[in-house]
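Protein chains in written order, with my numbering: chain A, 1 to 46; chain B, 47 to 645.
Beta carbons are placed, not taken as given, at the ideal position from N, Cα and C, and that holds for glycine.
On a predicted model such as this, the values are computed, not experimentally measured, just so you know.
Comments concern the structure below.
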Amino acid sequence: MIKVIAACVIGAALAGGATVVATNLATESTATAEPVNETLYNYGDR
Amino acid sequence: MVLRWIPWALGALVAFLALGPALGPGHVLRFDMVFVPDPSLRAVLSGADGFPRAIPSDAVVAALSTVLPGHVVQSLALTSVFVLGVAGAFRLLTGLVYGRGPVPATGLAAGAVTGLAYVWNPFVAERLLLGQWAVLLGYAGLPWVLAAVVRLASFPPARGFAGLVCALAPAAVGGFSSVVLSALTAGPTALRRWRDAGLLLLALVLLSLPWLVPSLVSGAATDPAGVEAFAARSDTPFGALGSLLLLGGVWNAGAVPPGYGEPVTAALKALTVVVALAGWVWWSWRARPVVAVGLSVSAVLGLVIALAGVLVPGPLAALIDLWPGFGPLRDGQLYVAPLSLLQSLGLGAAVLWLLRALPGTTSAAGPPAPGMGRLVTTVLLGLSPVVTLPGLLWGANGGLVPVEYPPAWREAQAAVAADERPGAVLVLPWSAYRGPAWSGEPVVVLDPATKLFDRRTLWNDDLRVGTPDGGTVVVTGEDPRARQVAEPLDLDSETGMPGVESAELPELLGSTGVRYVAVSAPVDHGLSEVEGLSLVVEGTDMALFEIDDGYVEATPENGSVVVVAGALTSLGTLLWAVFAIIREESRRRGPAEGPGTGT
């Protein structure tokens with residue numbers, strides 16, 4: 001049981017670290033939609 | 047008994063982590079996701095003259111909103127996607143591996159990994175950010191439908207059919223896309239026996255009546271231009287095929303979760319997919335689960351459909367031009383849903399392999415205790431969906447934020463509702479999508495005014511999609527009456543406002559049955575001084591005008607008889623199924639709980 005808990009802690013820590021790294025990579029990359037004019041928008045842009 | 051609740055509790059936890067702030071007070075607005083306070087059931091049933099895309103999802107929302115606040119209904123709908131999806135995939139895997147027997151801890155771990163992978167992937171994230179909650183509700187029901195099809199073999203026809211109808215309830219609410227996905231996912235498995243295939247077809251037809259009948263009699267057409275607009279696209283460095291294999295590839299760049307598709311996260315995701323596919327192949331070969339062939343066929347078929355818009359857009363457009371029934375095929379990425387279920391089960395199987403816990407693959411003495419390395423790898427594999435897609439965390443990193451409607455919107459809604467006289471509402475500017483300033487962070491959304499009023503609403507349902515070369519594809523809308531009303535107004539394509547002489551507006555609109563004009567964007571509408579139009583409500587982003595009664599030639603809008611009849615048939619079928627299962631379960635448990643059974 002102790003081994004399982006230790007594995008969970010180590011695995012979760014590694015996964016958490018990787019998630020933080022991935023999240024940092026994720027910033028500044030959000031797509032934004034361009035308006036047709038100031039009030040009207042496309043459904044989306046490919 | 048406690049163990050039975052684990053899948054549901056895990057689903058609730060995942061829903062909380064994914065939705066976070068979106069569950070707070072207010073309405074989340076994003077692309078197709080439009081919830082309004084106090085939606086009108088009558089307006090939904092009156093609907094539009096084209097394809098009834100909002101039926102029955104909007105009707106269910108409107109019905110629930112009569113007893114619950116609108117934002118609570120939206121939170122319930124979004125939460126249901128995750129809870130049903132996690133619990134369904136969890137139970138599907140454990141059911142296929144252990145049957146009705148006890149599930150060991152290793153099986154629970156594999157089930158949890160399957161459940162998490164099924165709802166935490168690019169498909170769910172992108173469809174959520176596109177606002178297609180009804181499609182996702184149907185997607186969440188897929189593992190339940192597949193399990194119900196598998197169980198058909200072990201039940202009498204009526205009992206099996208009742209279970210299948212209940213499993214299809216989320217798809218029934220979701221509407222046509224959800225039903226098509228259910229057929230694609232469960233159809234090949236059901237085809238093992240003609241009786242099962244027949245029962246599945248019957249259930250799908252009965253639950254599709256609310257939208258199927260009107261769509262067949264309306265003569266609605268689908269613009270083949272939608273193939274170019276909605277074909278799958280590459281959102282990773284691996285091209286369209288690679289993106290689809292990773293369960294992404296949605297047509298709209300604005301629906302890609304933050305950070306998804308970066309080389310590092312995409313490579314990690316690709317590694318996870320390889321492990322999941324290897325797990326599926328290993329499990330299928332070792333244990334031969336009853337869904338192995340059927341679900342594999344569904345996944346491959348779905349992938350082929352998803353690629354059709356990319357590889358052979360011309361023939362696909364020709365098919366849609368030939369018969370609008372092929373229209374749903376234009377949004378190709380939708381059809382990777384069966385592949386998503388296959389990969390989730392494969393990831394769960396990989397966990398079983400890592401823990402050496404697949405029944406029948408170990409010695410009689412039981413499986414050897416897994417080492418620390420295997421345990422840590424299992425935890426990492428289990429959490430890999432979150433690691434490779436952190437952009438879904440906490441309301442998709444701010445992409446799903448609830449907002450309150452401005453007072454002028456509620457005032458306009460109340461003013462129209464207080465008027466008993468017939469007549470439609472025309473929404474201007476003549477464009478479907480807005481970027482309302484009051485929605486907080488700029489977000490594109492279907493104009494909420496299209497669903498705000500308790501009567502027929504006329505709006506421009508043309509869909510404008512921007513292309514990478516800077517061009518625009520316009521997919522013609524499906525509501526002929528909207529076209530008819532708009533045609534004489536000489537609408538400006540840039541501003542979306544009428545170009546005809548203002549003095550002619552009241553007569554032009556009134557003669558086509560329009561009683562109100564709602565201007566749902568902060569534009570210089572120039573309507574305040576028009577004779578024959580009376581200002582009812584004015585705010586910065588909502589102005590409501592009433593056309594003088596003398597101009598209006600309107601007759602009362604009645605709910606569509608075929609829609610109501612179809613809805614009642616579907617509802618009756620669903621109620622019968624629930625009642626049949628409850629009665630059967632009571633009968634089954636009765637003798638077992640009696641004295642002397644020894645069980």
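Annotated three-state conformation of B/E577 is coil, per DSSP. Using a Cβ-Cβ cut-off of 8 Å, A/I2 does not count as an interface residue toward chain B, since no Cβ of chain B sits closer than that to its own. When C-beta atoms of the stretch 431-443 of chain B are compared with those of the stretch 555-565 of chain B, fewer than three pairs fall below 8 Å, so the two segments do not count as touching. Under the 8 Å Cβ criterion, the stretch 319-336 of chain B does not count as touching the stretch 183-194 of chain B, having fewer than three qualifying pairs.
C-alpha of B/K497 to C-alpha of B/Q120: approximately 14 Å in a straight line. Runs of alpha helix (DSSP H) with 4 or more residues, each lying fully within the stretch 274-349 of chain B, are found at 285-291, 309-333, listed in chain order. When the five nearest sequence neighbours on each side are left out, the beta carbons in the same chain lying within less than 7 Å of the beta carbon of B/W179 are those of M79, A123, L124, V127, in order along the chain. The Cβ of B/G187 sits no closer than 8 Å to any Cβ of chain A.
Under the three-state reduction of DSSP, B/H117 is assigned to helix.
Per the DSSP secondary-structure output, B/T503 pairs in a beta bridge with B/V471. Counting other Cβ atoms within 10 Å of its Cβ, A/G16 stays below 16 and is therefore classed as exposed.
With 16 or more other Cβ atoms inside 10 Å of its own Cβ, B/N506 counts as buried. In this structure, B/G417 is the residue among B/L391, B/G417, B/S390 with its C-alpha nearest to the C-alpha of B/R402. For B/E592, the enclosing beta strand (DSSP E) covers residues 589-593. Closer than 8 Å at the C-beta level to chain A, one finds these residues of the stretch 466-480 of chain B: P475, S477, A478, Y479, R480.
Here the alpha carbon of B/G307 sits roughly 34 Å from the alpha carbon of B/R334. For a Cβ distance threshold of 8 Å, residue set Y43, G44 of chain A lies close to B/F77, ordered along the chain. Neighbours of B/M418 across chain A, judged by C-beta separation under 9 Å: K3, A6, A7, I10.
Look at B/E631 here: in three-state DSSP terms it is helix.
Secondary structure at B/P384: helix, using DSSP grouped into helix, strand and coil. Those residues of the stretch 552-577 of chain B placed with their C-beta closer than 7 Å to a C-beta in chain A are A567, P568, V569, ordered along the chain. Contact between the stretch 354-362 of chain B and the stretch 100-113 of chain B is not established, with fewer than three Cβ pairs separated by less than 8 Å. Within the stretch 205-235 of chain B, the runs of alpha helix (DSSP H) that reach at least 4 residues and sit entirely inside it are, in chain order, 215-220. By the criterion of at least three beta-carbon pairs nearer than 8 Å, the stretch 479-489 of chain B is not in contact with the stretch 606-621 of chain B.
None of the residues of the stretch 97-116 of chain B has a beta carbon lying less than 8 Å from any beta carbon of chain A. Under the Cβ criterion (8 Å, minimum of three pairs), the stretch 273-289 of chain B counts as touching the stretch 506-524 of chain B.
The closest CA to that of B/A461, considering only B/S477, B/R501, B/L314, B/R635, is found on B/R501. In the three-state scheme derived from DSSP, where H, G and I count as helix and E and B as strand, B/L176 is classed as coil.
Taking 8 Å as the threshold, the shortest C-beta distance from B/T311 to chain A falls below it. For B/V106, the three-state secondary structure derived from DSSP is helix. Residue contact with chain A for B/V319: absent (no Cβ-Cβ distance below 8 Å to any residue of chain A). Looking at the backbone, the Cα of B/L368 and that of B/W476 are separated by about 29 Å. Approximately 37 Å separates the beta-carbon atoms of B/T282 and B/A249; this is outside 8 Å, ruling out the contact. In the structure shown, B/G244 adopts helical secondary structure according to DSSP, grouped into three states. When DSSP states are grouped into helix, strand and coil, B/Y185 belongs to the helix group.
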